[in-house]
Amino acid sequence: MSRRPEAGSRRSEVGEKADNHQPSTDMEEQSVVVKPRDVMPEGARTLPARYYTDPALFKAELDGLFGRMWFYAGRSEEATRAGQYFVRELNGHNIVVTRNTTGRVRAFHNICRHRGTRICTEVSGQLSVMRGPTISTGG
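Be aware that the sequence shown starts at 281, since it is given in my numbering, and climbs by one per residue.
This is the structure:
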């Protein structure tokens with residue numbers, strides 16, 4: 281059974297009894313009410329809801345803001361030997377990161393320009409030559 285405030289007593293919005301300012305032990309009186317106007321600076325506004333839900337706006341943001349930035353793909357220790365690789369999905373692009381024969385770490389779109397197929401189908405591995413699955417090995 282819940283207690284109701286006594287007549288002439290107001291409940292505070294911060295969980296204290298208004299009449300004596302002592303912390304309340306009654307669960308009903310411990311609620312905190314926060315109104316947006318209490319936490320937002322005067323004159324502040326938020327974006328319309330569509331900025332958080334519209335797929336077209338999300339894509340435009342990815343392309344416009346993040347399309348020209350560097351992204352963390354992984355650690356160089358994930359490809360320590362020539363031909364070792366790992367694959368990551370970054371900003372909607374499938375990327376293969378590998379170490380070449382001179383020891384440099386390089387990153388490429390994980391797609392064969394010849395047929396448009398994936399070059400590396402595993403998450404990580406070792407290849408002697410990177411080529412699409414439809415390219416002849418000459419043998």
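Note that CB positions come from ideal geometry on N, CA and C, so glycine has one too.
Handout entry: CA-to-CA distance, G344 to V376, given in whole angstroms
Key = CA-to-CA, the gap between V376 and G344 works out to about 23 Å.
Problem - Burial state of T333, where buried means 16 or more other Cβ atoms lie within 10 Å - result: T333 comes out exposed.
Problem - Through-space distance from E322 to M410, alpha-carbon basis - result: Cα to Cα, the separation comes out at about 58 Å.
Handout entry: Whether A353 touches R330 by CB criterion (8 Å)
Key = 8 Å or more divides the Cβ of A353 from the Cβ of R330.
Problem - Nearest-angstrom Cβ-Cβ length linking R386 and R361, presumed shorter than 8 Å - result: Rounded, the Cβ-Cβ distance is 14 Å, inconsistent with contact.
Handout entry: Sequence-distant residues of its chain with Cβ nearer than 6 Å to L342 (five each side left out)
Key = Counting only Cβ-Cβ distances below 6 Å, and skipping sequence neighbours, we find N371.
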